[in-house]
Structure formats: structure tokens, C-alpha cells
Amino acid sequence: MAEPISLLLGVHAHQPVGNFDAVLEEAHARCYRPFLQALHRHPRFRFAAHFSGWLLDWLLEHHPQDMALLKEMVGRGQVELFGAGDCEPVLAAIPQRDRLGQLRRLSGKLERRFGASVEGAWLTERVYIPTVVPALADCGMKYVTVDDYHFLCAGKQAAELDGFYTTEEDDRHIDLFPISEQLRYRLPFSPAQEAVAYLEELARAGQRAAVYFDDIEKFGIWPETWDWVYARGWLEQFIAGVLASPLIRTETYRDFHARNTTRGIIYLPTTSYIEMNEWTLPAPAAAVYDALVAREKSAGRYEVSKAFVRGGIWKNFFMRYPESNWMHKRMLALSGRLAALPAKSASQALTDHLYRAQANDAYWHGLFGGLYLPHLRREVWRNLVALEAGLDAVAPRPPLAVLDADHDGIGELFLGNAELQAVVKLDGQAALCELDAYALAQNFGDVLTQRDEHYYRKLDAAPQPAGDSAGIASAHDRVAFKHAVAREDVRPDPRPRRLFSDAWQQPDGGLAWPQYAAGEFKAPLMSARFAAPLGAGEVVKTYTLAGRVLQVGYRLRDLAGGRFSVELNLAMPSCDGYSGRYILEDGSIPCGFGQALELAVSGRLTLDDRHLGGGLRLTTSRPVTIAARPHHTVSQSEAGFEKIMQAACLTLSWPIDAPQQEVTIALEIVADA
0 MAEPISLLLG VHAHQPVGNF DAVLEEAHAR CYRPFLQALH RHPRFRFAAH FSGWLLDWLL
60 EHHPQDMALL KEMVGRGQVE LFGAGDCEPV LAAIPQRDRL GQLRRLSGKL ERRFGASVEG
120 AWLTERVYIP TVVPALADCG MKYVTVDDYH FLCAGKQAAE LDGFYTTEED DRHIDLFPIS
180 EQLRYRLPFS PAQEAVAYLE ELARAGQRAA VYFDDIEKFG IWPETWDWVY ARGWLEQFIA
240 GVLASPLIRT ETYRDFHARN TTRGIIYLPT TSYIEMNEWT LPAPAAAVYD ALVAREKSAG
300 RYEVSKAFVR GGIWKNFFMR YPESNWMHKR MLALSGRLAA LPAKSASQAL TDHLYRAQAN
360 DAYWHGLFGG LYLPHLRREV WRNLVALEAG LDAVAPRPPL AVLDADHDGI GELFLGNAEL
420 QAVVKLDGQA ALCELDAYAL AQNFGDVLTQ RDEHYYRKLD AAPQPAGDSA GIASAHDRVA
480 FKHAVAREDV RPDPRPRRLF SDAWQQPDGG LAWPQYAAGE FKAPLMSARF AAPLGAGEVV
540 KTYTLAGRVL QVGYRLRDLA GGRFSVELNL AMPSCDGYSG RYILEDGSIP CGFGQALELA
600 VSGRLTLDDR HLGGGLRLTT SRPVTIAARP HHTVSQSEAG FEKIMQAACL TLSWPIDAPQ
660 QEVTIALEIV ADA
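According to numbering that gives the first Met the number 0, the sequence shown holds residues 0 to 672 in order.
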């Protein structure tokens, strides 16, 4: 009889920092609890688990009884707990000092709360870059798991991937386990007996190990999986089949690693799992990549050529989405400021804000990833704004600065005081790309622009039916619609969604956008002046900060009629929920942010957000027309296509009825007492 194959089964449990409690509760009820309970009933079934630190804290607080089961399984040697960055950062995207801090924080938590010694690490989104090796090794990690695709890209053959290899960087080494793509697509989607039979085939072929480490959410949260895995008994059938097979033994990574030696030295390229490499590409490049993959598959060459048909790398998301790049570079700058503080000033609270702002989910987008989800971006910004306020309290910075913070070749003007910060993009529009209220820890400029996505080609596809007894479809293969989506809904925005974007509606119906040149920046007065020629005349625009009030003044000269309009895209946390509403001058509430609002003449409007605990009061020096609309984007997740409200878009306009006009628009931060 063939030697038994070692099934190294690992599961990764994660929820984004700042996710809704209702989502966490559902994930726990449909996945975390039943999975742990099922494995607890079978002490002979050994496995590995990684829980991201923020989720682990939530589970320890809200469901300690299930964490007690996990601790018991750790104690009896059934489960090995893996480490990682505490708040689930992509290690490749944060500085070395923060890699060390995040890794050590989670390992310490696992040791204190579960008595676990941590030797293995989960790499967030399996994003591998050689420069993370020293941090992993310096934190005591002996091995990590990455996709077998990484190894194929280095020239290895599938038959060679039944153990672990060793790599080194900067005189530190670590071992690398290759996660099987074939197992990722089989568990739990193919029938249990077929999955067990596949493992037995590998054993008969002489393979030493079958390596699996993937999202635990596949076991109950992904579409159709709760019924398949628990109600229809897939997990119990799989466990029973594995334990009954003389050709399969379950083993922890630690035990397998201790009794085997490395298969040799290896150097992996910078990459992630194969699907991610497509998601990181801009839409035109993704279309080319997708067509190339389709041709290779049609010709029957893909299994041979896929290692050499590569897409982008994870960091390309910063190139693809300016909003992600802006968050990331702001985070890096604040990390540097925190690191420069004297030790006595660098409080635990400041470090907590930084680590939470490094959580990966809001920085990227594919079938997963939370860039399109405002509440996840808001959590990043909430922590960045709170961190900046804390840093300013102990190490004040100049109230006015000009720099290219996001390295895009275009400068930004930072205007700030103790209450507010306004950041003007110096690209000719003189519009705000960020507006921070420190009392509310809110960036009102956190708005996502609608842009083209490669997967919009699926909009014309018919929804696919659910699976049957032969298995269920992976989320990667499903086409579903949470909302009806029309082609008009995915039309790209002509300009970035910012605050105080200006336009002149000319008498003949034409539209002209001022192209501003920077003028005077005055730190003592906290003001910045911009000017632009417009037709035969001119518009001068001035930003001024005073306490919790941002004033934007317009001086129009010699414009030949028409109307002047100003667009404000405001990120309001309640979005189209019941907690966000407009309040008129007389105190009446006409509608919420999710509805359209038309005010023919108004000089004051309040945006009240109960979720935020405050809002904005808009006033104008002359009556204006206000048209408010919700701004939606269209994205795809594992649940299907969906429309998501990103901002309340207010367009203020007034007639140009005099040769000289001066109009002031003021935004005041309103915070509950």
C-alpha cells in the first residue's frame, strides 16, 4: 500500500476592520461557530487556523464559548494557530517597522489568550514579495504558505510541490509551503467523496503532502455554501472520509515541518494568487490579459503556459485607483511621523490607529476587496484622521504646506488648524480631495469616482443557476445581480469626484471648466487664492479656514451671463441609510441622502448624519439653487453586481446677472455635544 499523504489543511478567518456587527454575527453563526464545533467533535482531525487579530478580539468579546473550543483544540494539539499582521495588512505595503510591530502583536495575543506558540504565518491575500522575509524571520516565523502558482512562476513543476522549500533575503531564511490550486477549487465545492478520492489519488502517486490554506468563509458564508457544507453535510462527510481513509493522515504544519527537510532553495517572484493578478490590472490591460488566457485555454496550453502568462502585482491597485493611492501615501506619511516621535510620546492609542488604518481590505478591489465599500474606507480614514490629530497634539506641524503627497506628479496644498484640514489638488481644478473634521474623525472628501471595470463585460450575461448534488459553483465562476444594473449606471465620471468642482454654464448651453492657477497662500490667515480666465472674464476662488468653518469665496468678473455652478461630493457615513437626512432652514426634513432634492432658492442646508454624530451646515451669501443627488458606483462582489452609494452630490448654482459678483459658500462642522 502507498504511504499516506499528509493533508495540511489550514483555514483563514478574517473580517475587515470596521465591518458591521450584523455582518460579523452572521459570519459567526453561518461559519465560524459551526466549523469550530464540527472540528471539535473530531479530535483526530488536525488542522491549522489563522484568525486576523481584529476579528479575534471581536470573537473573544462576543463569543468566548467558541474561543474556548478553539483554545481546547490548541491544548490537545489538534489545531495549530498561524500568525500574521494583527490588523491584516498586506505586509508588502507597509514599512518594515510596522511589519515587525503587527506580526509581534498578533503572536503575543495568540500566546497570551490561547497558549499557542506561533511558528507559521499567513500572508494576507498571499501577496509575496521577497523583502517581507526578514520581518517574518525576525518575528520567529519558520514557514509561510503561498500559492503553488508562485512556485510555478519560479520554474517548478507540479509534481515537485509536495513539501516545502527554503528562501532567504538579507541573511534571513524562511520555509515556504505551496498551497494547491486544485484543492482550493475542490474544497468545499466538489462532493466530499470526490475530494477524498482526489487526495487518495495523490497518495497513490507518491505525493507526500496536500497543502490547503484558504478562506474559512468558503465554509458557510459564500453563496450557497451554508446549505452545502452544513445542512447537506459536506463537512461531516469530508471529515469522516478523510479519517476513514488509510491513504490520508491529517497533520499540522508544525508537525510536518519538524519531521521533514526542505526540498531545496527557491526564490519566488513578487506575485499573489492567480485571480488577483488579473484584478490589479486596469480595465484595458485586463481585457488583453483575459483574451490571452482564453486563447491559451482554448488551445489546450494553459496548464503549461499559465506560469508565464502573468498579470499585475498587488501594489498596482495604487496605480489603478487614485483614492487607494491617496489613502496609502497618507498612511505612510503618518507612520513616519509616529516613528519619529520620542518613545514617551508614541502612545499605544496612536499605534492602534496606525495599525487599523493599515488593514488591507479598503485598499483594493476584485471579486473581493473593499475599496468600493464606503464603511471600510471610512474606518481607514477614521483612524488616519484620529492619528493625525493625535500627532499634531504632541508634535505640531505647519498650518500650510505644499507637497506631492501621493507621488503622482501633481502637488497638493494642505491647509489646517486644530479643527479642520482642507487639501486642495493643484491640478487646475482647485478642488478639495480631502476635507477632515477632527472632532468627528471624518474625511468628507472620501468619495470614489465611477470608472470602468473589466468585469462590466458580464453585465449582459444571464444569472447562473445554483449548484446541485454534483457540487456548487465557486464565487469566481458565478454571475449574479444584487441590484438591477443598466449600462448608464457604469458610465465613467468625466472628472474626479471632489468638493468645490466648478463649471460655467454658458448662455448658449455650452459648459466651461475654469483652469485655475495658484495664487497667494497665506498661513497666518489660513487662506489660499486661485484665479482662472473664463471667457472674456475671470473667476477668483479663495479658501479660508476659521475654526470649524471652511469658507470658499468666488469673485466673478465680466462673464457673459449663464450660470455658475459648484459641485460638492460629500462622504456621509449613513449614505442612503435612515440616519442621514437633509434639514432645511425652517427645521423641516424633506428627505434622506439617498433621495433627490431640488431647492429652487436656498441659503442654508444642513446635512445631518446620526451615525456620524454630527454633520455639515452649508450656508451661502446669496440664495442659490441646490440640486442634491446620491452618487452610486457599480461593483461586483462574491454576492453579485451591486450599486453602492458613495456620496451625497450637491450642485449649487446661481445666475450670472451682474458684471461683478461675489459669492461665499461656507461649510461648518456640526458635532453633537
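The beta carbon of each residue, even a glycine, is placed where N, CA and C say it ideally should be. Computed from a prediction, not measured in an experiment: that's the story for all the values here.
Query: Leu340 versus Leu353 - alpha carbon distance; Result: 14 Å
Query: As assigned by DSSP and simplified to three states, the class of Gln635; Result: strand
Query: The region 442 to 454 touching the region 544 to 556, judged by at least three CB pairs closer than 8 Å; Result: no
Query: Where Arg580 falls, given that 16 or more other Cβ within 10 Å makes a residue buried; Result: buried
Query: For Pro654, the three-state DSSP class (helix, strand or coil); Result: strand
Query: Sequence-distant residues of its chain with Cβ nearer than 6 Å to Tyr301 (five each side left out); Result: Glu295
Query: For Asn442: DSSP bridge partner residues; Result: Asp435
Query: For Asp213, the residue or residues it bridges with in DSSP; Result: Val10
Query: Alpha helix (DSSP H) runs contained entirely in the region 279 to 349, provided each spans 4 or more residues; Result: 282 to 297, 301 to 304, 315 to 319 and 321 to 339
Query: Closest Cα partner of Glu60 within the set Pro3, Tyr288, Gln635 and Glu24; Result: Glu24
Query: Gln181 classed as buried or exposed, judged by whether at least 16 other C-beta atoms fall within 10 angstroms; Result: exposed
Query: Residue range of the beta strand (DSSP E) that includes Trp121; Result: Gly119 to Trp121
Query: Range of the contiguous beta strand (DSSP E) that encloses Gly52; Result: Note, Gly52: premise wrong, no beta strand (DSSP E); alpha helix (DSSP H) at Gly52 to His61.
Query: Own chain residues within Cβ distance below 6 Å of Leu236, not counting five before or after; Result: The identity of residue 236 in the sequence shown is Gln, whereas the question assumes Leu. So the list reads Ala191, once near-sequence residues are dropped.
Query: Supposed contact pair Lys642 and Asp488 - C-beta distance, whole angstroms, cut 8 Å; Result: 7 Å
Query: Continuous alpha helix (DSSP H) stretch holding Leu109: start and end; Result: Gln95 to Phe113
Query: Leu175 vs Tyr184 beta-carbon contact at 8 Å; Result: no
Query: Counted within 10 angstroms of its Cβ, other Cβ atoms place His475 as buried (16 or more) or exposed; Result: Interpretation of His475 is limited by its pLDDT of 49, a score under 50 that renders its predicted location unreliable; no figure is taken from the coordinates.
Query: Residues of its chain near Trp121, where Cβ-Cβ distance is below 6 Å and the 5 sequence neighbours each way are ignored; Result: His11, His49, Phe81 and Ala83
Query: N- and C-terminal bounds of the beta strand (DSSP E) containing Glu537; Result: Gly536 to Ala545
Query: Under the three-state DSSP convention, the category Phe592 falls into; Result: coil
Query: C-beta contact flag for Ala358 and Cys86 at 8 Å; Result: yes
Query: Stretch-stretch touch, CB-based, cutoff 8 Å, three pairs: the region 616 to 634 with the region 501 to 513; Result: no
Query: CA nearest to the CA of Glu2, picked from Val89, His27, His149 and Ser244; Result: Ser244
Query: Proximity below 8 Å, CB of Asp405 to CB of Asn324; Result: yes
Query: Segment limits, alpha helix (DSSP H) that includes His39; Result: Arg32 to His39
Query: Residue environment, Gln659, which counts as buried when at least 16 other CB atoms sit within 10 Å; Result: exposed
Query: Cutoff 8 Å; reference Ala134; Cβ partners in own chain excluding five residues on either side; Result: Leu90, Gln95, Arg98, Leu99 and Leu102
Query: Beta-carbon proximity check, Leu242 vs Phe44, cutoff 8 Å; Result: yes
Query: Contact check, Tyr229 vs Val423, beta carbons under 8 Å; Result: no
Query: Per DSSP, cross-strand counterpart(s) of Leu510; Result: Gln504
Query: Supposed contact pair His453 and Ala290 - C-beta distance, whole angstroms, cut 8 Å; Result: Wrong, their Cβ atoms sit about 11 Å apart, outside the cutoff.
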